[in-house]
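Chains as they are written, first to last, in the numbering used here: chain H, 1 to 111; chain D, 1001 to 1112. Glycine included, every Cβ here is placed at the ideal spot set by N, Cα and C.
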């Protein structure tokens, strides 16, 4: 069964304190791994897609990496506006485009 | 508009009533999806459509139905609402395989 597990569930950082969020996955052939950001009361917003082990993507203070079993979202020198819930999802080769989501990591960055 | 529009934004519904959640996209995406999001359970797929005229069941389809008469619209119907269907419902669309989704802003539904 395809499965996604994110850790930690919640993370509190001081502004400027770098850290990483983890996304572990089990899938019958990975088509792609997706990261989303979700603000309270809003729909998820697409951040990155990673397709193969070793691939990296960057956007401002965020960097996503991928191995055969997990993905990391590295946050460098975060700011309070980076506070949000970060969702990871996988798309299997066997699926017709469906994404399977983890439960998310809620990040709070304090000034 | 650009993106996905969901309506209503919130609704309180009496148990046993029928309700249709509306979803319209203007990006000409082939695929559309309905998810529900519950605290502690994350986003779970209800139904999906890979192209107009076709639909499929997701992880939690019971009590819900969908139709895809054209590319732009993908309504979700609760035939007879129950309190366990209290949730936030998100519609999403995608150009196709390998692409991420664009999500709507959600419908917060409370069944009492």
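Only residues of its own chain outside the window of five on either side were considered, and among them 16, 18 and 61 have a CB closer than 7 Å to the CB of residue 77 (chain H), listed in chain order. Per DSSP, the continuous beta strand (DSSP E) segment holding residue 1038 (chain D) begins and ends at 1031-1038. Against residue 1104 (chain D), the close residues of chain H are 43, in the order they occur along the chain (beta-carbon pairs closer than 8 Å). Shown here, residue 1085 (chain D) sits in a helix according to DSSP, grouped into three states. The three-state secondary structure of residue 82 (chain H), taken from DSSP, is helix.
Non-local C-beta neighbours of residue 1031 (chain D) in its own chain, meaning closer than 8 Å and more than five positions away in sequence, comprise 1048, 1049, 1050, 1051, 1093, 1094, 1095 and 1096, ordered along the chain.
Residue pairing by DSSP places residue 1019 (chain D) opposite D:1078 in a beta bridge.
Chain D places a beta carbon closer than 9 Å to that of residue 32 (chain H), counting this residue as a contact. Using a CB distance below 7 Å, the part of the region 1086-1097 of chain D facing chain H consists of 1090, 1094, 1096 and 1097, ordered along the chain. In this structure, residue 1078 (chain D) places its C-beta atom within 9 Å of the C-beta atom of residue 1063 (chain D). Partner residues in a beta bridge of residue 9 (chain H), as assigned by DSSP, do not exist. For residue 65 (chain H), there are no neighbours in chain D by C-beta distance under 7 Å, as the nearest C-beta there is about 17 Å away.
Assignment of residue 91 (chain H) by DSSP, reduced to helix, strand and coil, places it in the strand class.
Taking a Cβ-Cβ threshold of 7 Å, none of the residues of chain D is close to residue 108 (chain H); the smallest such distance is about 17 Å.
Between the region 18-32 of chain H and the region 79-97 of chain H, the count of Cβ pairs shorter than 8 Å is three or higher; the stretches touch.
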